[in-house]
Amino acid sequence: MTIRVVVADDQSLVRAGFRVLLERAEGIEVVGEAENGAEAVELARSARPDVILMDIRMPVLDGLAATRKIVADDRAPGVHVIMLTTFELDEYVFEALRAGASGFLLKNIDPDDLRRAVRVVAGGDALLSPSVTKRLIAEFATRPAGTAPDTGRLAVLTGREREVVALVGRGLSNDEIGRHLHMSPATARTHVSRAMTKLDVRDRPQLVVLAYETHLVTPGE
Numbered sequence: 002m003t004i005r006v007v008v009a010d011d012q013s014l015v016r017a018g019f020r021v022l023l024e025r026a027e028g029i030e031v032v033g034e035a036e037n038g039a040e041a042v043e044l045a046r047s048a049r050p051d052v053i054l055m056d057i058r059m060p061v062l063d064g065l066a067a068t069r070k071i072v073a074d075d076r077a078p079g080v081h082v083i084m085l086t087t088f089e090l091d092e093y094v095f096e097a098l099r100a101g102a103s104g105f106l107l108k109n110i111d112p113d114d115l116r117r118a119v120r121v122v123a124g125g126d127a128l129l130s131p132s133v134t135k136r137l138i139a140e141f142a143t144r145p146a147g148t149a150p151d152t153g154r155l156a157v158l159t160g161r162e163r164e165v166v167a168l169v170g171r172g173l174s175n176d177e178i179g180r181h182l183h184m185s186p187a188t189a190r191t192h193v194s195r196a197m198t199k200l201d202v203r204d205r206p207q208l209v210v211l212a213y214e215t216h217l218v219t220p221g222e
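Numbering (the working numbering), first residue to last: 2 to 222.
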């Protein structure tokens, strides 16, 4: 199955570079380019890509606003957004996650890692660069600690699902969760998926944010 990608960036050389890097890999096809967020929204509807590489700083409509529109658009089902930027600023990280992005990567990413990221997100998983994950955890470390989990919001989860969400919040992969809880990676993935559905979150990064916001996980645990 070919992964369909749209590249959204206001610099033509950047778009061309990403196109070349991606199309060198088997099974990845760039089906469109956008030079601003408004064009990215239209391509999400018309080209129906699996993944959009979305720059944050663009004219007409920036990447964050475009991502919000795409995530909420019934005419663009199943489109996943990876935010790309040269700036690793905290406010962008959190805004990108809350906008519904499935990943957040710097533009200086290694080509092989970029192609791997596209495949991961197209497969329904989500990703953050290690440095971004550290910043995410550090952000919550500066907030007042809660004395107990937010039982109201977490009440929809089973005991096992709460365990799984806590481990997701600590940065564990499905394989690592499986080993920790003595279950298969497929079973761990199922628990993660059910928890996301029950908690009405789009993907794994947002599940990490929720784990901290509800104090199910606290920094340093």
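Glycine is no exception: its CB is placed at the ideal position from the N, C-alpha and C atoms.
Would you give the residue range spanned by the alpha helix (DSSP H) that residue i belongs to?
| i | result |
| --- | --- |
| His181 | 175-182 |
| Val61 | It is not in any alpha helix (DSSP H) - Val61 carries neither H nor E in the DSSP assignment. |
| Leu158 | Where Leu158 is concerned, there is no enclosing alpha helix (DSSP H), given that its DSSP letter is neither H nor E. |
| Pro114 | Note on residue identity: the sequence assigns Asp, not Pro, to residue 114. Where Asp114 is concerned, the enclosing alpha helix (DSSP H) stretches over 112-123. |
| Val209 | 205-214 |
Tell whether a beta-carbon distance below 8 Å holds between residue i and residue j.
| i | j | result |
| --- | --- | --- |
| Ile53 | Val82 | yes |
| Val68 | Gly33 | The question names Val, but residue 68 in the sequence shown is Thr. For Thr68 and Gly33, no; Cβs fall outside 8 Å. |
| Lys108 | Leu158 | no |
| Asp263 | Leu98 | The question about residue 263 has no answer, for the chain in this structure spans 2 to 222. |
| Asn175 | Ala189 | yes |
So, under 8 Å CB-CB, residue i and residue j are touching, yes? Tell me the CB distance rounded to an integer number of Å.
| i | j | result |
| --- | --- | --- |
| Ala45 | Asp74 | 7 Å |
Helix, strand or coil: which one does DSSP assign to residue i?
| i | result |
| --- | --- |
| Ala35 | strand |
| Gly28 | coil |
| Ala187 | helix |
| Leu106 | strand |
| Thr68 | helix |
| Leu168 | helix |
| Thr86 | strand |
| Leu54 | strand |
The beta strand (DSSP E) with residue i in it runs from where to where?
| i | result |
| --- | --- |
| Val6 | 4-9 |
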